[in-house]
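Chemist:
There are 2 protein chains.
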Amino acid sequence: MTLASPIVPVILSGGSGTRLWPMSRPEMPKQMLALTAEETMLQLTVSRIRAERFAAPVVVASAAHADLVEAQLDAMGLPAQALILEPAGRNTAPAIALAALAVEDRTAPLLVMPSDHVIADVAAFHEAIARAMPLVDKGWLITFGITPDGPETGYGYIQEGEAIVPGVHRVDRFVEKPPLEAAQKMIASGDHVWNGGIFLFRADAYLDALGNFEPAMVEATTRAMGLATRDGTRITPDAAAFASARSQSIDYAVMERAERVAVVPVAMGWSDVGSWDALHAISDRDGEGNVLNGEVIALDTTNCLVRSDRARVAMVGVSDLIVVASGDDILILPRGRGQDVKRLLEAMKE
Amino acid sequence: MTLASPIVPVILSGGSGTRLWPMSRPEMPKQMLALTAEETMLQLTVSRIRAERFAAPVVVASAAHADLVEAQLDAMGLPAQALILEPAGRNTAPAIALAALAVEDRTAPLLVMPSDHVIADVAAFHEAIARAMPLVDKGWLITFGITPDGPETGYGYIQEGEAIVPGVHRVDRFVEKPPLEAAQKMIASGDHVWNGGIFLFRADAYLDALGNFEPAMVEATTRAMGLATRDGTRITPDAAAFASARSQSIDYAVMERAERVAVVPVAMGWSDVGSWDALHAISDRDGEGNVLNGEVIALDTTNCLVRSDRARVAMVGVSDLIVVASGDDILILPRGRGQDVKRLLEAMKE
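As you go down the protein sequences, you meet chains A and B in turn.
Throughout, the working numbering is defined as the position within the first sequence, counted from one, plus 161.
Throughout, the working numbering is defined as the position within the second sequence, counted from one, plus 161.
This is the structure we're talking about:
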């Protein structure tokens, strides 16, 4: 009986997180960093599936980060059942296909999660998973819809349709990152949620749907896994075969096109920690509204985010500033300008 | 005839310049740094006396900086005739006494200068020196009065009395660093100038005056020089003898008490570069009002001073900020708060 199958967490660790430069870098991306707690974002992700109903996770990561991922999971006492090392990044649809193909029981439910998000209310997350399970067992593809707390323009939105069972709705439409006015309307409507990039479905349901819309991708990933080299729990798919899969998100490839797609709205203190501003917003602040990490001496300083991994930062008389010193790089910008880190990185490339 | 004696520049290199932390540090004080040009402040000071009428300088410095001072002067092709290495700091009055005692011709005029000031208009400085020389030869003690450009509370003031010769005045009074209101009144009066800490007098005139008011100091410094060890141009006064001299400024010890004291007012683009704010004010600014040194990427950034000797500084959307990164220290404060660097240093000691 499939009801008895434990849920296999599939953790996607492919992001590079440039918006959290200079802490986040290609060799040490955001999910590997301890930004919100003593644990890294990856470790916090793993800690959310430390429960009876979950199997050991399948982690899909860049080959460059194999040792780091393994060390961080070992430190939590929650090693992966499979660590799939992508020879190249191909976005989420092929990555999830690799994970689905690595699971022996194709009827197993997969809980697909990014490795670099925060979920403050894990109980609410688990409750939402439980709500979705009856439909998952019937082959539905589930996405989790984050109850929005403002007209964010940096997220995709999902419009809820009719309820299938209590708390699980058909998806009326997916909306790409909207302009502000459209975001405001969607918030006002009350029936839109953020697309949090967390999914739940049976491995076979995903592969079937992917086969309908992207048969070449299933063929490429199947071949890559057939030719994969294995070393303990490490699986390295064949590079040439995997490279032939086209780069595509699961939203485009499957969720926006499949029939039996449902959304589970959930308020669970979610954040993608997508910028230094977001980190300031979700962090505990001191009496002056500051979030200070590292050796920081701050006088007459309010509402600042300061992080330093080596240098001593001495500041006086500043407000609403983001200061991040990592290695030999120093970032300084006002709060609210966190999205401009990308501009700085482009300017530095020149 | 004393008229023929070349002027002996006496350069005081004892300051520690804490207000320019983190660039300025005890082991690398402000005068050793290139803050306003490719040359260091000490080198710029020496370059001002590269003229016929000046002898090679006598430099009084901390023993800890002997090699640095020598290297910087050698690089300018202007080695010291004597490098007097203070075993301990005793303020300016004893330091100048050491220099006066080191000069063989006691009738020689000494031009006493701090090593860490900027003088943009060297011709005006030389002209002021020439104006003072007839009185110097007669044994007067000369101080140079900087034409003030605002009611600064960080400087001492000198009230000009009657003219002795054109452009040289008796001193009516010395005023310690005043409160703002008093400074405003002195500026409004039109007859007050800043005490720039630059002096001109014959060696014997200084030693005579010092002997009148601080005989023990003359005794201590004379003994320290009598017992000094010499190595080439390096002179190290006896530590115990010098330590017995009391720590006193030339202003307190001599200038405010002697009879024949005159002030030469001069507008010569002077700055003591006493803070990062002062450095921003006297530096060439780019089209956005920024003064950027080191590897700095600045987008939408205006009226900032940014200096870095190693780290790369990336900033966007900030204004009127001072950012100084040196070694493993980063200083951040708004323009206008430069005096608060001292508070930061005190906070860091705790």
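Ideal placement from N, C-alpha and C gives every residue a C-beta, glycine not left out.
Using the beta-carbon count (16 or more within 10 Å), is Met509 (chain A) buried or exposed?
Modeler: With fewer than 16 Cβ atoms within 10 Å of its Cβ, Met509 (chain A) is classed as exposed.
Chemist: Excluding the five sequence neighbours on either side, which residues of its own chain have a C-beta within less than 8 Å of the C-beta of Leu272 (chain A), listed in chain order?
Modeler: Here the set comprises Ile168, Val169, Pro170, Val171, Ile210, Phe215, Ile290, Ile359, Phe360 and Leu361.
Chemist: Over the uninterrupted alpha helix (DSSP H) stretch that includes Ser208 (chain B), give me the two end residues.
Modeler: Where Ser208 (chain B) is concerned, the enclosing alpha helix (DSSP H) stretches over Met202 to Ser208.
Chemist: Is Val425 (chain B) close to chain A, meaning its C-beta is less than 8 Å from at least one C-beta of that chain?
Modeler: No, its Cβ sits nowhere closer than 8 Å to a Cβ of chain A.
Chemist: Is it buried or exposed, Glu247 (chain B), if we count other Cβ atoms within 10 angstroms and call 16 or more buried?
Modeler: Buried, because 16 or more other Cβ atoms sit within 10 Å of the Cβ of Glu247 (chain B).
Chemist: Using a Cβ-Cβ cutoff of less than 7 Å, which residues in the same chain neighbour Asp369 (chain A) once the five nearest sequence positions on both sides are dropped?
Modeler: Hits under 7 Å: none found.
Chemist: Mapping DSSP to helix, strand and coil, what is Met416 (chain A)?
Modeler: Residue state, collapsed to three classes: helix.
Chemist: Using beta-carbon positions only, say whether Asp470 (chain B) and Ser444 (chain B) come within less than 8 Å of one another.
Modeler: Cβ atoms of Asp470 (chain B) and Ser444 (chain B): not closer than 8 Å.
Chemist: Alpha carbon to alpha carbon, how far is Ser410 (chain A) from Lys503 (chain B)?
Modeler: C-alpha separation (whole angstroms): 54 Å.
Chemist: Which residue from B:Leu494, B:Val457 and B:Leu296 puts its Cα closest to that of Glu511 (chain A)?
Modeler: Cα-wise, what sits closest to Glu511 (chain A) is B:Val457.
Chemist: Answer yes or no: does any C-beta atom of chain A fall closer than 8 Å to that of Pro495 (chain B)?
Modeler: Interface residue, yes.
Chemist: Alpha carbon to alpha carbon, what distance is there between Ala428 (chain B) and Arg331 (chain B)?
Modeler: Looking at the two C-alpha atoms, the distance is approximately 18 Å.
Chemist: Any beta-carbon of chain A closer than 8 Å to the one on Leu505 (chain B)?
Modeler: Judged by the 8 Å Cβ criterion, Leu505 (chain B) is in contact with chain A.
Chemist: Please work out which residues of its chain come closer than 6 Å, Cβ to Cβ, to Asp433 (chain A), disregarding the five sequence neighbours upstream and downstream, and give them in chain order.
Modeler: For Asp433 (chain A), where only same-chain residues beyond five positions count, the Cβ hits under 6 Å are His278.
Chemist: Please state the DSSP three-state secondary structure of Tyr316 (chain B).
Modeler: In the structure shown, Tyr316 (chain B) sits in coil (DSSP, three-state: anything other than H, G, I, E or B).
Chemist: Report the option in B:Leu302, B:Arg186 and B:Ser408 whose CA atom is closest to the CA atom of Arg418 (chain B).
Modeler: Selected option, being the one with the closest Cα: B:Leu302.
Chemist: Residues of the stretch 301–320 of chain B with a CB closer than 7 Å to any CB of chain A: list them in chain order, please.
Modeler: Within the stretch 301–320 of chain B, no residue qualifies.
Chemist: Could you run through the stretch 458–484 of chain B and flag, in chain order, every residue whose CB is less than 7 Å away from some CB of chain A?
Modeler: Taking 7 Å as the Cβ-Cβ cut-off against chain A, the residues of the stretch 458–484 of chain B that qualify are Ile458, Leu460, Arg471, Ala472, Arg473, Val474, Ala475, Met476, Val477, Gly478, Val479 and Val484.
Chemist: On a CA-only basis, which of B:Met184, B:Leu505 and B:Gly455 is nearest Asp490 (chain A)? Give me that one, please.
Modeler: Cα-wise, what sits closest to Asp490 (chain A) is B:Gly455.
Chemist: By DSSP's criteria, Trp182 (chain B) is part of a beta bridge. Which residues make up the other side?
Modeler: Paired residues: none, contrary to the question.
Chemist: If I'm right that Ala269 (chain B) touches Arg363 (chain B) with Cβ under 8 Å, what's the distance once you round it to whole angstroms?
Modeler: Confirmed, about 7 Å.
Chemist: Taking its Cβ as the centre, do 16 or more other Cβ atoms sit within 10 Å of Leu296 (chain A), making it buried, or is it exposed?
Modeler: Result: buried.
Chemist: Roughly how many angstroms separate the alpha carbons of Ala381 (chain A) and His287 (chain A), rounded to a whole number?
Modeler: Rounded to the nearest angstrom, the two C-alpha atoms are 34 Å apart.
Chemist: Using a cut-off of 8 Å between C-beta atoms, extract the partners of Asp489 (chain B) located in chain A.
Modeler: Within 8 Å Cβ-Cβ: Arg471, Ala472 and Arg473.
Chemist: Taking a contact to mean a Cβ-Cβ separation below 8 Å, would you say Trp431 (chain A) touches Ile348 (chain A) in this structure?
Modeler: No.
Chemist: With a 10 Å radius around its C-beta and 16 neighbouring C-beta atoms as the bar for buried, classify Glu321 (chain A) as buried or exposed.
Modeler: It is buried - the Cβ of Glu321 (chain A) has at least 16 other Cβ atoms within 10 Å.
Chemist: Cutting at 6 Å between CB atoms, please list the residues of its own chain near Arg473 (chain B), excluding the five before and the five after it.
Modeler: If we look at Arg473 (chain B) and ignore the five residues flanking it on each side, its Cβ neighbours are Glu456.
Chemist: If you drop the 5 nearest sequence neighbours on each side, which residues of the same chain put their C-beta closer than 6 Å to that of Glu449 (chain B)?
Modeler: Closer than 6 Å at the Cβ level, and outside the excluded window around Glu449 (chain B), lie Thr463.
Chemist: If you measure between the beta carbons of Gly317 (chain A) and Lys338 (chain A), is that distance less than 8 Å?
Modeler: Yes. Within cutoff.
Chemist: Please return the same chain residues whose Cβ sits closer than 6 Å to the Cβ of Gln233 (chain A), not counting the five positions on each side in sequence.
Modeler: Only Thr201, Leu203 and Gln204 meet the Cβ criterion.
Chemist: Tell me, please, which residues DSSP counts as bridged to Ala423 (chain A).
Modeler: Bridge partners of Ala423 (chain A): A:Ile303 and A:Arg331.
Chemist: What's the C-alpha gap between Glu188 (chain A) and Asp282 (chain A)?
Modeler: Glu188 (chain A) and Asp282 (chain A): Cα-Cα distance of roughly 30 Å.
Chemist: Taking only beta-carbon atoms, is Met147 (chain B) less than 8 Å away from chain A?
Modeler: Any property of residue 147 (chain B) remains undetermined from this structure, which presents chain B solely from 162 to 511.
Chemist: How many angstroms separate the CA atom of Pro392 (chain B) from the CA atom of Leu371 (chain B)?
Modeler: The sequence given here has Asp at residue 392 (chain B), not Pro. Roughly 28 Å between the two C-alpha positions.
Chemist: Could you tell me which residues DSSP pairs with Ile491 (chain B) in its beta bridges?
Modeler: Ile491 (chain B) is bridged to A:Val474 and B:Ala486.
Chemist: Which full runs of the alpha helix (DSSP H) of 4+ residues lie inside the stretch 221–297 of chain A, going along the chain?
Modeler: Taking only runs of at least 4 residues, the alpha helix (DSSP H) segments lying wholly in the stretch 221–297 of chain A are 227–236 and 253–263.
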